[in-house]
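First residue of the sequence shown: 981, per the numbering used here; consecutive thereafter. Step one of this worksheet: look at the structure below.
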Amino acid sequence: MSWKKRWNRGMTQGAVVCTVLMLMTGCGSEAGSRQNPDKEAPVQTVESGAQEDNGTQQEESAKFPAFTATDLEGNTVTESIFGEKDLTVLNIWGTFCNPCVGEMPELGEWAKEMPDNVQIVGLIIDINGEEDTEHRELAVDITSNAGAEFTQIIVNQDFAPILKDVLGVPTTMFIDKEGNIVGDPILGADVDGYKKFVEDYLGGE
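Right under this line is the structure:
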């Protein structure tokens, strides 16, 4: 049984619908960013009562779960990657998502300009194991063409505790060197919003 099937079995009906729609229909263009309601930021979202208690869910997932995964280059990556920098920008995306692909060149440029104590890491949600060469090759093409040379992790079941609360992609989280999720995730393509969070976070240390 694939990790996606095992993950979906334990999720609520609303979360299952969210996951299926994210992976099957791609990103729409009508919804906005939760963090920036006045700014258009295309993203696939789903209305579901099971997702309304965001405060409780965020509190429960304050610590990023331990994981062992591989990146697009075949390297093993664990949660220890967060300890390499004071702050990690985790960009959760899919190859099917036009807004995700659209912001990738800007993320690639930003990664080269970041302070030494900050890094960006991608988490690709729609590569289903080592046999899924189609989506892996597509992800390689997307990141290469965008000049996004930062680490791109391939999702597996270890990320289910985090992904069950992701309403759409791109979603961007911020994780400190202790592995704690800090601030609120940003839903939607909003590089300016990511940059502002990093600036504010570093300014408040």
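Each residue gets a CB set at the ideal place from its N, CA and C atoms; glycine is no exception. Note that the structure is a prediction, hence the values are computed from the model and not measured.
Problem - Runs of alpha helix (DSSP H) lying entirely within the region 1125-1171, each at least 4 residues, in chain order - result: 1140-1143
Practice task
Just mark E1185 as buried or exposed, buried being the case when its beta carbon has 16 or more other beta carbons within 10 Å.
Solution key: As a position in the sequence shown, residue 1185 is number 205, starting the count at 1. The residue is exposed, with fewer than 16 neighbouring Cβ atoms inside 10 Å.
Problem - Neighbour-count burial assignment, L1103, 16 or more Cβ in a 10 Å radius - result: Within the sequence shown, the letter at position 123 stands for residue 1103. With 16 or more other Cβ atoms within 10 Å, it is buried.
Exercise for the section: Per DSSP, which residues does T1058 bridge with? Please list them. Expected result: Taking the first residue of the sequence shown as position 1, residue 1058 is located at position 78. DSSP lists T1048 as partners of T1058.
Problem - L1052 and I1134 closer than 8 Å at C-beta - result: The residue you call residue 1052 lines up with position 72 of the sequence shown. The residue you call residue 1134 lines up with position 154 of the sequence shown. Against a cut-off of 8 Å, the Cβ pair of I1134 and L1052 comes out as a contact.
Practice task
Might you give, ordered along the chain, the residues of its own chain that have their beta carbon closer than 6 Å to the beta carbon of T1068, omitting 5 neighbours on each side?
Solution key: As a position in the sequence shown, residue 1068 is number 88, starting the count at 1. Closer than 6 Å at Cβ, skipping near neighbours: F1062, Q1099, V1101, I1155.
Practice task
Using the DSSP secondary-structure output, state which residues sit across from G1102 in a beta bridge.
Solution key: In the sequence shown, the residue the question calls residue 1102 occupies position 122. For G1102, which the question treats as bridged, DSSP gives the partners N1071, Q1132.
Problem - At least 3 beta-carbon pairs within less than 8 Å: the region 1128-1142 vs the region 1082-1093 - result: yes
Exercise for the section: For H1115, collect the residues of the same chain with a Cβ closer than 6 Å to its Cβ; drop the 5 residues on either side in sequence, then sort them by chain order. Expected result: Taking the sequence shown and counting its residues from 1, the one referred to as residue 1115 is at position 135. Closer than 6 Å at Cβ, skipping near neighbours: T1075, D1106, I1107.
Practice task
Quick one: using the 10 Å Cβ neighbour count with 16 as the cut-off for buried, is P1150 buried or exposed?
Solution key: Here the question's residue 1150 lines up with position 170 in the sequence shown. Result: buried.
Handout entry: Rounded separation between L1182 and K1157 - CA only
Key = In the sequence shown, residue 1182 corresponds to position 202, counting from 1. In the sequence shown, residue 1157 corresponds to position 177, counting from 1. Straight-line Cα distance between these residues: approximately 13 Å.
Exercise for the section: Just mark D1170 as buried or exposed, buried being the case when its beta carbon has 16 or more other beta carbons within 10 Å. Expected result: Position 190 of the sequence shown, counting from 1, holds the residue named residue 1170. Counting Cβ neighbours within 10 Å, D1170 comes out buried, since at least 16 surround it.
Exercise for the section: Return the CA-CA distance between T1058 and N1136, expressed in angstroms with no decimal places. Expected result: Stepping through the sequence shown from its first residue, residue 1058 is reached at position 78. Stepping through the sequence shown from its first residue, residue 1136 is reached at position 156. For T1058 and N1136, the distance between alpha carbons rounds to 12 Å.
Exercise for the section: Compute the Euclidean distance between the alpha carbons of I1166 and A1049, then round it to the nearest angstrom. Expected result: Taking the first residue of the sequence shown as 1, we reach residue 1166 at position 186. Taking the first residue of the sequence shown as 1, we reach residue 1049 at position 69. The straight-line gap from Cα to Cα measures roughly 24 Å.
Exercise for the section: Might you give, ordered along the chain, the residues of its own chain that have their beta carbon closer than 8 Å to the beta carbon of K1175, omitting 5 neighbours on each side? Expected result: Your numbering for residue 1175 matches position 195 in the sequence shown. W1090, listed in sequence order.
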